[in-house]
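For the protein sequence lines, the chains are L and G, in the order given.
Just so you know, the first sequence maps onto residues 161 to 477 in the working numbering.
Just so you know, the second sequence maps onto residues 161 to 477 in the working numbering.
Glycine included, every Cβ here is placed at the ideal spot set by N, Cα and C.
Values in this document were obtained by computation on a predicted structure and should not be read as measured data.
2 protein chains.
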Amino acid sequence: MSNKLELHSPETVQRVLSVAQQLGYRPNRLARSLVAKCTHTIGVVMEPTHTVFTRNPYASAVLDGVLECLMERHYHLKLVTMAEAQPRTLWMQIDDGSMDGAIVICPLDDSPLLEWYAHTSLPCVSVGSLVPAERGIYCVDSDSEHGIRLATEHLLELGHRKLGFVRGPENQFSAYQREQAFRAVLKTYEIPVVEGWIQGDGYEIESGYHGMQAILAQPSLPTGVVASNDLVAMGALRACLDHGLSVPEDVSIVGYDDFPGASVVNPPLTTVRNDIHGIGHHAAEVLIEQIETGTLRSGVRLFAGEMVVRGSTAPPK
Amino acid sequence: MSNKLELHSPETVQRVLSVAQQLGYRPNRLARSLVAKCTHTIGVVMEPTHTVFTRNPYASAVLDGVLECLMERHYHLKLVTMAEAQPRTLWMQIDDGSMDGAIVICPLDDSPLLEWYAHTSLPCVSVGSLVPAERGIYCVDSDSEHGIRLATEHLLELGHRKLGFVRGPENQFSAYQREQAFRAVLKTYEIPVVEGWIQGDGYEIESGYHGMQAILAQPSLPTGVVASNDLVAMGALRACLDHGLSVPEDVSIVGYDDFPGASVVNPPLTTVRNDIHGIGHHAAEVLIEQIETGTLRSGVRLFAGEMVVRGSTAPPK
DNA sequence: ATGAAAGCGCTAACAT
DNA sequence: ATGTTAGCGCTTTCAT
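Have a look at this one:
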């Protein structure tokens, strides 16, 4: 039977449709996908440590962007979380014909996903982590080098010369990049790097809190601190307040990402705005392009952030 | 061929498995599901207005809870967003054999999903909105009546007698419930309800901001305000500060839900903690139970919240 | 124990 | 234009 609706009279189409509905007929997507060898579904894959959206505004924003794109393109989304991080189990969940491609959010440096990618022909794009080029994965992320430079130079311009940095997690390449970017800027401006002022190990509020505490335990203190993201900055902010220090009077803090909430803390965070939503959207777009053209694509796309000056920075006393 | 692994020697199993891997064989979940008539996948369905996780900590927390449960039970998750809110299109996305059941997050009062539910035999549970009993849907939510009573009585105990309320969205049943709960408490304590002090229309920061602005425009002001959730409370807080009022000195604010961020604003929010993660987990559990036993279940499960006193409330001056 | 065949619900390519 | 059939990749049943 021809299924081109235009070939039949509108009444017929309507009658068929209504009878179909009365009978409770629902086309089965599985069967359709099975024969089409195409599911119109993409997977969003997350590390186990990241799969807490309430604590992960980055992943939430990426997901929002991805969803927006999928809605436009009429694609569906499967959310995959690496339960036990059993590589085999994980791969089976992705490479089982249930999706046409995958977006991996912030794969860790030693993620089993990267190994998997060598054995599959599924299109895949990485968001939030740059993956070594030889893997051939297309990567989308914020431009850490540019953004952290913006943040650091902002403090420099205010007159700060004693600068600290609160790091992200050790096993996340982006965290390494951001720290390196910070060090590079100091080098450019011939500002000495004080190792004791570079602390922290995580992208969460708590890590920021503890990192800042470690800085505050040093014999002398920096007057300005760059945080590896806004959550870290919020933690650092709280640590300062708890330590009896005023922000920005005693110490200036710059965040990174401009998460929602950055403007609602007190003082509102000076930070670098990154279009994470746009990053997610772009990732989905490139993935779908790969799926529909049938051509794998590698490369890196960096989104440049912009400075948002709010209340957590001021000239040093 | 028998596929019971125990019947074969471990070496054989190992050999077969490794050969299978070398050949790049991946079992196809679609084909398997097609014959099994069971996908081991559940859908999480969201209203178009809600599908912005960055702005919706409630949905994020539910999703976290659902994911946790699914990981334990080895179920998969499909995220469905109602693009154009075209009922037909939406139902097709859910009732197309691609999932064994669905969790609907905060369906609006007039959601097309409710109508759909009359025509399907798919198990379904509603989270965050109580659906009329005759629909036969199992509903999970926080106990608004209990929680809002807690919040209101907290202000009452501090000595407040002039109380306001910042409402949620009009088309969300939970918002109606919360407002009614507030009114009921005032009635119980024979406190007059000042209609001008009941403002707002939304669960977002902005709505809280504007709602509070409307209250602050009244000829006389309340000394304490209950917000319909924490986002609204944050908006109300900002409105007070912008209006030159101190919190909690001039006006006390109580939130609802204890979203992450409630403790990080300044002053940290006094609020009612709701185990939204647990709500999501429970919803998934009940859904899977329905799927596996093949019996639809209706009913309501309310999670009682608890008071968390922080810095946004104090006795009236 | 082992292998062949039927069929899940659909689409595409075929024959009428 | 209409109807028939083969087959997507798997599981289950049935025959050997």
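Using only alpha-carbon positions, find the residue among L:468, L:291, L:277 that is nearest to residue 461 (chain L).
L:291
Bounding residues of the beta strand (DSSP E) (the contiguous stretch that carries residue 384 (chain G))
384-387
If you draw a straight line from the alpha carbon of residue 376 (chain L) to that of residue 354 (chain L), how long is it in whole angstroms?
13 Å
When we look at the beta-carbon of residue 465 (chain L) and count the other beta-carbons within 10 Å, is it buried (16 or more) or exposed?
buried
Going by the CB atoms, is the gap between residue 472 (chain G) and residue 382 (chain G) shorter than 8 Å?
no
Just reading off the alpha helix (DSSP H) that residue 269 (chain L) is part of, what are its end residues?
From DSSP, residue 269 (chain L) is part of no alpha helix (DSSP H); its letter is neither H nor E.
Taking 7 Å as the limit between beta carbons, can you name the residues of its chain near residue 343 (chain G), skipping five residues before and five after?
353
DSSP beta-bridge partners for residue 433 (chain G)?
G:417, G:466
State the beta-bridge partners of residue 299 (chain L) as determined by DSSP.
L:286, L:460
Neighbour flag for residue 451 (chain G) against chain L, beta carbons, 8 Å
no
Identity of the residue in G:358, G:190, G:401 nearest residue 386 (chain G) by Cα:
G:358
Roughly how many whole angstroms lie between the Cα atoms of residue 469 (chain G) and residue 285 (chain L)?
44 Å
At what residues does the alpha helix (DSSP H) containing residue 238 (chain L) begin and finish?
Careful: residue 238 (chain L) lies outside any alpha helix (DSSP H), inside the beta strand (DSSP E) at 236-241.
Using a Cβ-Cβ distance cut-off of 8 Å, determine whether residue 365 (chain L) contacts chain G.
yes
What residues of chain L sit near residue 189 (chain G), judged by a beta carbon separation below 7 Å?
256, 257, 258
If you reduce the DSSP assignment to three classes, tell me which class residue 337 (chain L) lands in.
helix
Would you check if there are 3 or more beta carbon pairs closer than 8 Å linking the stretch 214-233 of chain G to the stretch 243-260 of chain G?
no
Taking three-plus beta-carbon pairs below 8 Å as touching, is the stretch 323-336 of chain G in contact with the stretch 259-277 of chain G?
yes
In this structure, what does DSSP give as the bridge partners for residue 213 (chain G)?
For residue 213 (chain G), which the question treats as bridged, DSSP gives no partner whatsoever.
Do you know how far the Cα of residue 262 (chain G) is from the Cα of residue 206 (chain G)?
10 Å
Sub-8 Å separation of residue 222 (chain L) and residue 436 (chain L) beta-carbons:
yes
Range covered by the beta strand (DSSP E) that runs through residue 323 (chain L):
323-326
Cβ-based contacts, 8 Å cut-off: residues of the stretch 352-386 of chain G near chain L:
365
Please tell me whether, using a cut-off of 7 Å, the distance from the CB of residue 344 (chain L) to the nearest non-hydrogen atom of the ligand SAM is below it.
Ligands are entirely absent from the displayed structure, and the ligand SAM is therefore not among its contents.
Between G:186, G:403, G:295, which has its C-alpha nearest residue 252 (chain L)'s C-alpha?
G:186
Within 10 angstroms of its Cβ, does residue 349 (chain L) collect 16 or more other Cβ (buried), or is it exposed?
exposed
Host beta strand (DSSP E) of residue 201 (chain G) (start-end)
201-206
Straight-line Cα distance separating residue 412 (chain L) from residue 373 (chain L)
15 Å
In chain order, what residues of the stretch 214-247 of chain L put their CB closer than 7 Å to some CB of chain G?
214, 215, 217, 220, 221, 223, 224, 227, 231, 236, 237, 238, 239, 241, 243
Residue-chain proximity (residue 408 (chain G), chain L), Cβ-Cβ < 8 Å:
no
Nearest by alpha-carbon distance to residue 421 (chain L): which of L:211, L:218, L:379, L:356 is it?
L:218
Reference residue 345 (chain G), options G:317, G:256, G:457, G:356, closest by Cα
G:317
Which residue comes first and which comes last in the alpha helix (DSSP H) that contains residue 425 (chain L)?
Counting along the chain, residue 425 (chain L) falls outside any alpha helix (DSSP H), and DSSP gives it neither H nor E.
Could you tell me the distance, in whole angstroms, from the CA atom of residue 364 (chain G) to the CA atom of residue 396 (chain G)?
10 Å
Is there contact here, the stretch 270-287 of chain G with the stretch 308-324 of chain G, by at least three beta-carbon pairs under 8 Å?
no
Can you give the Cα-Cα distance for residue 161 (chain L) and residue 192 (chain L), rounded to whole angstroms?
Bear in mind that a pLDDT of 43 at residue 161 (chain L), under 50, signals an unreliable position, so the model cannot answer this.
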